[in-house]
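Take the sequence shown: its letter number 27 is residue 10 in my numbering, and every next letter is one higher.
The C-beta atom is built at its ideal place from N, Cα and C for all residues, glycine as well.
What follows is a short report on a single structure.
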Amino acid sequence: MTGSFITAIEPVPSQPHRCQVLVDGEVAITVHQEVILKFGLTEGCVWDEHLHRQLLQEEAFIQAKTCAYRYLAASWRTTGEVRRHLSRQGFSEPVVRLVLEHCRRQGYLDDRIYAEQYIARRLQRGYGPLRIAQELSDKGIDHAIYEPILSSLDPDELFQLAKRMAAKKEKSLGRQLSPRDKRAKIGRHLYYRGYSQSVIQKVLNLLFS
């Protein structure tokens, strides 16, 4: 397309905020109007393959950014969750990296704040640090972010929390079970909720002493 020129830039009636770029009277590309503005495209601009590639890259970035915004609008997300979502939508890794960096700069992504808030919520619901750590890892958060937060938790508060969860579970079991069976079920319940073996044994010894 060397030596060609943009002959018209026309809005697409059925697609708000999108424009067709006509080169030598034929549609060469359809992009978001942000792309037109960023590159300052007007009638008479020289058109070549380098510009074409730049427009395609910017269009991919805008589409991926829009996709990320919609995903983030539904709920606070981790970087890993947004990365997986964009990848599943078919965006290339370079474009995904650009969008993630953009979202971080805009304050839409912050894994440290996410981890702090997530840990607080899960503790309120009675979950232990091992379960919480696994959940954060599954969400793509680096252990270097959440491990210091979990390590700083007060051991006595965790014990008291585990004790409350055990007492609640014991009430739900009724009186028909033997102490041995109760102990086993409560132990499994605390393990499922993410408490360490040392905390579990301490709670069980207290309940069944």
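Fill in: R(-12) - containing beta strand (DSSP E), residue span
Sequence inspection shows Phe at residue -12; the Arg mentioned does not correspond to that position. Counting along the chain, the beta strand (DSSP E) containing F(-12) begins and ends at -13 to -6.
Fill in: Host beta strand (DSSP E) of H15 (start-end)
Run containing H15: 9 to 15, per the beta strand (DSSP E) assignment.
Discussion item. Would the region 153 to 172 count as touching the region 128 to 135 if we require 3 or more Cβ pairs under 8 Å?
Written reply: As far as the Cβ criterion goes, the region 153 to 172 does not touch the region 128 to 135, which means the pair count is below three.
Item to complete: Taking R1 as part of the beta strand (DSSP E), name the residues at either end of that continuous run.
Response: Here the beta strand (DSSP E) through R1 covers 1 to 6.
Fill in: Buried versus exposed, by CB contacts within 10 Å (16 or more), T62
The residue is buried, with at least 16 neighbouring Cβ atoms inside 10 Å.
Item to complete: Would you mind giving the Cβ-Cβ distance between V10 and E42, rounded to the nearest angstrom? I have them listed as a contact below 8 Å.
Response: By a beta-carbon distance limit of 8 Å, V10 does not contact E42. Their separation comes to about 14 Å.
Worksheet entry | Nearest candidate by alpha-carbon position, reference L118, set E64, F191, E(-7), V4 | Residue identity check: residue 118 is Glu in the sequence provided, not Leu. Nearest option by C-alpha distance: E64.
Fill in: Selection from E17, G23, E32, T25 that minimises the alpha carbon distance to K48
Nearest option by C-alpha distance: E17.
Worksheet item: Would you call the CB atoms of I115 and R105 closer than 7 Å?
Response: Cβ atoms of I115 and R105: closer than 7 Å.
Worksheet entry | Rounded Cβ spacing between A51 and V82 (contact assumed at less than 8 Å) | Indeed they touch by this definition, with Cβ atoms about 5 Å apart.
Worksheet item: What separation, rounded to the nearest whole angstrom, lies between the Cα atoms of K154 and M148?
Response: Roughly 10 Å separates the two Cα atoms.
Worksheet item: Which runs of the alpha helix (DSSP H) fall wholly inside the region 133 to 191 and span at least 4 residues, in chain order?
Response: Complete alpha helix (DSSP H) runs here, min 4: 138 to 156, 162 to 176, 180 to 190.
Worksheet item: Can you list, in chain order, the residues of its chain whose CB lies under 8 Å from that of L144, leaving out five sequence neighbours each side?
Response: Once the five neighbours on either side are set aside, the close Cβ partners of L144 are L106, G109, G111.
Discussion item. Could you compute how far the alpha carbon of P(-1) sits from the alpha carbon of G23?
Written reply: Rounded to the nearest angstrom, the two C-alpha atoms are 19 Å apart.
Practice prompt. Consult DSSP for M(-16) and reduce its assignment to one of helix, strand or coil.
Written response: Its pLDDT being 43, under 50, M(-16) is placed unreliably in this model, and the value from its coordinates should be taken loosely. Coil at M(-16), not helix or strand.
Worksheet item: Hey, out of H126, G73, L141, whose CA is closest to A103's CA?
Response: Nearest option by C-alpha distance: L141.
Worksheet entry | Minimum C-alpha distance to F44 - residue among W30, V29, R80 | Ranking W30, V29, R80 by Cα distance to F44 puts R80 first.
Discussion item. Please report the distance separating the alpha-carbon of E99 from that of R60.
Written reply: C-alpha separation (whole angstroms): 13 Å.
Practice prompt. Measure the alpha-carbon distance for L189 versus G123 and round it to whole angstroms.
Written response: Using only the alpha carbons, I get a separation of about 37 Å.
Worksheet entry | Which listed residue (G177, S179, R176, A150) has its alpha carbon closest to that of F191 | In terms of CA proximity to F191, A150 leads the group G177, S179, R176, A150.
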